[in-house]
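Structure record follows, encoded as structure tokens.
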Amino acid sequence: MRDDARDNAAKTVAIIGAGPVGLAAAAHAVERGLRPIVLEAGGKVGHAVRQWSHVRMFSPWRYNIDRASERLLRDAGWSSPDPSHHPTGGELAQHYLEPLALRTELAQHIETGARVLSIARSGFDKVKTAGREHAPFEIRCRNGKGAMTVLADAVVDASGTWFSPNPAGANGLEATGEAEHAGRIAYGMPDVLGRDRRRYAGKTVAVLGSGHSAVGTIIDLKRLQTEQPETQIIWLLRGTDPQKAFGGGTGDQLAARGELGLAFAAIVRGGGVRVEAGFRLSHIAEASSRLRLGAGSACCGRHVLADELVVATGFRPDLAVLREVRSALDPALECPPALAPLIDPNLHSCGTVRPHGARELAQPEPDLYVAGMKSYGRAPTFLMLTGYEQVRSIMADIAGDRAAAERVELVLPETGVCSAPSPASAPLTSPARASGCCGGPAPTDQSACCRADEDAKARGRPGCGCGV
Ligand SMILES: Cc1cc2nc3c(=O)[nH]c(=O)nc-3n(C[C@H](O)[C@H](O)[C@H](O)COP(=O)(O)OP(=O)(O)OC[C@H]3O[C@@H](n4cnc5c(N)ncnc54)[C@H](O)[C@@H]3O)c2cc1C
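Heads up: the sequence shown runs through residues 250 to 717, numbered per the working numbering.
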């Protein structure tokens, strides 16, 4: 139970992860007179973002900067980048996260090279109830010098999901043989035109997945193929309809994302990629010094041969750090339960998730919140802007400002990334193209992600059905 009489200046908030959302959380905490301690496993802030530094973002700068962070930066003499420019991950780290961490007041609140291993209530194991809400959190970390413990009044877990990619198996487990062939498997988005060029040039590369990471990697491989024609590309997708990966096209309000889908569609329709739809990878072996990627039975099922495999099947949260605190997560998506109906990829694929905050993100453990990319669990549609609103609300809640915590201060763009009716085949005048298929965030319904979803639920259907 929060003690309203306590001075906020004495309240320490441990923030796990110095990604864009963790740093935004720290900026809002400072504005509220709270004392943040940001614990970052990597040697620099934006450690996860730096892993995809070569990827151009689909949202321009205007959607990538948190307002409280911007205020701190402006006080430090920073001038904001062109709001219409789409930065790469590297530019996001260099022109925004780094100055925020090094040139503002946040510098004194960030500890890099500090990996959080576990969290508990001081003196209380998970089972013991009476009085636990009065005990501080004890956060166990490891840094270059060894183990350390941080005490805090509240914890915001903004540790993202980048470092726990989904494995290749269609059943969510590692494919048989995946670990044994790890040297020829990459996860996420390898830099095929830069750092990793030599690994992929002239090879037969299979890319597994149908989200933005798979699409981006295939587009880059196609460029590599232009320079090194022996490079062969195989696209392995679990679904049976490749068109779903083509995205919102010209109807996508995030133009860069729409363009990516259009470019990808052109490549696939042009025949530059061997498409293996309905391919549910189950085992990986070696045959004639190549990877034998199999779906179905190991002996006689369908298979393809490749030199390299890129697994781009999304990410999942690492829940180990939360083991000793009381958390409630959706059984399928591993996100806070209140978010699940808004972001469930079984129901929709839109990015127009209604802005939300402390109420949806709070855990049964008082003063514990999961925010940022990790708050979406296994769902892929997280937007930074949504994360900034999350931590604004959370810090208001921790500071005891209930009205500000409940208020919604973000108006999301109608991103319109849904694929029903299939944007690639929809007529140019269809509502899907004119307004983004979801028609914007749901104005009233707390369990609906967007207008289309709200309408569908009012008619007794489970959701708007976009993307399925
Ligand atoms: C390739 C790619 C492109 C994207 N493009 C866009 C886009 O255009 N627009 C958009 O809005 N969103 C985009 N996103 C989605 C999302 O906004 C980003 O992933 C964003 O970086 C999420 O921010 P975050 O702070 O929640 O997590 P992260 O950026 O992942 O940061 C988490 C941090 O926590 C640290 N950490 C992890 N575990 C621990 C631990 N145990 N202890 C301490 N520290 C830990 C990590 O090192 C990392 O620095 C993109 C995502 C990807 C992967």
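A virtual CB, placed ideally from N, CA and C, is assigned to each residue, including glycine.
Legend entry - Per-residue DSSP class, three states only, for PHE528: coil
Applying the criterion that 16 or more other CB atoms from any shown protein chain within 10 Å of the CB defines a buried residue, is ALA428 buried or exposed? exposed
Have a look at LEU283 and ALA515 and give me their C-alpha separation to the nearest angstrom.
-> 51 Å
Taking just the CA atoms, how far does LYS452 sit from ALA534? 17 Å
If you follow the alpha helix (DSSP H) that SER367 is in, where does it begin and where does it stop? Segment 364 to 370 is the beta strand (DSSP E) holding SER367; no alpha helix (DSSP H) there.
* Provide the residue span of the beta strand (DSSP E) that contains ILE286, from first to last. => 284 to 288
Item to check | LEU486 beta carbon less than 8 Å from that of SER459 | outcome: yes
- request: Drop a sphere of 10 angstroms on the beta-carbon of GLY688, count the other beta-carbons inside from all chains shown, and report buried for 16 or more, exposed for fewer.
  value: Note on GLY688: pLDDT 49, under 50, position unreliable in the model; the coordinate value appears next. It counts as buried.
**Report entry** Residue range of the beta strand (DSSP E) that includes ARG777
**Finding:** In the structure displayed, the chain extends from 250 to 717; residue 777 sits before or after that span and is not available.
Notebook entry, point to check: Mapping DSSP to helix, strand and coil, what is TRP310?
Noted result: helix
Quiz item: Which word fits ILE264, buried or exposed, when buried means at least 16 other C-beta atoms lie within 10 angstroms of its C-beta?
Solution: buried
Rounded to whole angstroms, how far is the Cβ of VAL454 from the Cβ of LEU509, which I believe are closer than 8 Å?
-> Actually they do not touch by this definition, with Cβ atoms about 19 Å apart.
**OP:** To the nearest angstrom, report how far apart ARG682 and ALA424 are at their CA atoms.
**Re:** Only weak support is given to the placement of ARG682: the predicted model assigns it a pLDDT of 30, under 50, and the value that follows is read from those uncertain coordinates. Distance between the alpha carbons of ARG682 and ALA424: 39 Å.
Requested in this report: Return the Cβ separation of ALA369 and GLU583 in integer angstroms, given the expectation that the two are a contact with Cβ distance under 8 Å.
Outcome: Their Cβ separation, rounded to whole angstroms, is 20 Å, which puts ALA369 and GLU583 out of contact at 8 Å.
Just checking GLY409 against ligand 1 - is the residue's beta carbon closer than 7 Å to any of the ligand's heavy atoms? yes
Q.
Rounded to the nearest angstrom, what separates GLN612 and VAL602 at their Cα positions?
A. 20 Å
- Message: At a cut-off of 7 Å, would you count PHE412 as near ligand 1, judging by its Cβ distance to the nearest heavy atom?
- Response: yes
Is it the case that the CB of LEU634 approaches a heavy atom of ligand 1 more closely than 7 Å? yes
I'd like to know if the region 264 to 273 and the region 287 to 295 are in contact, where contact means that at least 3 CB-CB pairs between them fall below 8 Å. yes
(request) Return the chain-ordered ranges of every alpha helix (DSSP H) run that is complete within the region 564 to 628 and spans a minimum of 4 residues. (result) 589 to 592, 607 to 610
Taking 7 Å as the cut-off, does the CB of SER462 come closer than this to any heavy atom belonging to ligand 1? yes
- Just curious, the beta strand (DSSP E) that THR635 is in, first and last residue? Unbroken run through THR635 is the alpha helix (DSSP H), 633 to 647; no beta strand (DSSP E).
Suppose contacts are defined by Cβ-Cβ distances below 8 Å. Is HIS334 in contact with TRP310 by that definition? yes
| task | Using alpha carbons as the reference points, say which of ASP556, ASP402, PRO566 lies closest to GLY432. | result | ASP556
In three-state terms, what does DSSP make of ALA278?
helix
Which same chain residues, not among the five before or five after VAL304, have their C-beta less than 8 Å away from its C-beta?
-> THR337, GLY338, MET438, GLY465
With distances taken from CA atoms, which of LEU511, LYS260, ALA350, THR635 is nearest ILE468?
LEU511
**Item:** Per-residue DSSP class, three states only, for GLU557
**Value:** strand
**Asked** How is PHE495 classed by DSSP in three states: helix, strand or coil?
**Response** helix
Original post:
The alpha helix (DSSP H) with ARG651 in it runs from where to where?
Top reply: 651 to 655
_What does the alpha-carbon distance come out to for the pair GLY709 and LEU596?_
14 Å
Of the listed residues ALA350, PHE564, ALA654, ILE647, nearest to SER624 (C-alpha basis):
PHE564
* Check the C-beta distance from ASP402 over to VAL560 and give it rounded, since I have them as a contact under 8 Å. => In fact, because the Cβ distance is near 40 Å, the residues do not count as touching under 8 Å.
### Per-residue DSSP class, three states only, for PHE412
coil
With LEU355 and VAL279 assumed to form a contact (beta carbons below 8 Å), what rounded beta-carbon distance in angstroms separates them?
-> 7 Å
Next on the checklist: Starting from ARG391, trace the beta strand (DSSP E) in both directions and tell me its first and last residue.
Outcome noted: 386 to 392
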